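Below is one structure, written out as structure tokens, with a few remarks after it.
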Amino acid sequence: MEAQPSSQSTSTAFRPSVYALINLRTRAQRIDDPLAPLASLVCDIIKAYKSSSNLVKTLIQLVYEYGVDKIEKNAEVDHEELSRLNQIESSLSRHEWPNEQHSDDVTNQIQRYITYFTARRRTP
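Below you can see the structure in the form of structure tokens.
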């Protein structure tokens, strides 16, 4: 993965690898693949990158890296992980997170997601 998330800013351009994107899309389309829901959610989430605030961009980068890691390792995904990804995707698709200023509640919510997926990436 080329982009590294930073809680400060996203000065590093987010450039998902073509191979990883193709792999995510392919896995998302496999009906019998247990990682298809994960791949589909990650694909949907990264679509919101360009129109997002820096804080949300950090979360999107982290979700992308988390998803690619899981797919590459064929690792199991638990219900809690999928639930949180669904919540993120839902918030992004409903434009609940404006692309500029966030309320303290929204900032805290996004930070909790960042903390959660950072911890999940460190867990084997």
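Read left to right, the sequence shown gives residues 59 to 182 (our numbering). Beta carbons: idealized from backbone N, C-alpha and C, even for Gly. Small disclaimer: the values here were computed from a predicted structure and weren't measured.
Counting C-beta neighbours from all protein chains within 10 Å, is the total for residue i 16 or more, i.e. buried, or is it exposed?
| i | result |
| --- | --- |
| Thr-116 | buried |
| Ala-177 | exposed |
| Glu-130 | exposed |
Taking the alpha-carbon positions, what's the residue i to residue j distance?
| i | j | result |
| --- | --- | --- |
| Tyr-97 | Asp-162 | Note that residue 97 is Ala in the sequence shown, not Tyr. Cα to Cα, Ala-97 sits roughly 30 Å from Asp-162. |
| Asp-91 | Ala-133 | 12 Å |
| Val-121 | Tyr-107 | 11 Å |
| Phe-72 | Gln-119 | 7 Å |
| Val-135 | Lys-128 | 8 Å |
| Ser-141 | Leu-79 | 22 Å |
| Tyr-174 | Val-100 | 16 Å |
| Trp-155 | Leu-113 | 10 Å |
| Pro-95 | Leu-143 | 10 Å |
| Asn-81 | Ile-104 | 14 Å |
I need the DSSP call for residue i, collapsed to helix, strand or coil.
| i | result |
| --- | --- |
| Ser-98 | helix |
| Lys-105 | coil |
| Arg-88 | coil |
| Arg-73 | coil |
| His-137 | helix |
Could you give the first and the last residue of the continuous alpha helix (DSSP H) run that contains residue i?
| i | result |
| --- | --- |
| Ala-177 | 162–180 |
| Gln-119 | 112–131 |
Would the beta-carbon of residue i fall within 8 Å of that of residue j?
| i | j | result |
| --- | --- | --- |
| Ile-168 | His-160 | yes |
| Arg-85 | Leu-93 | yes |
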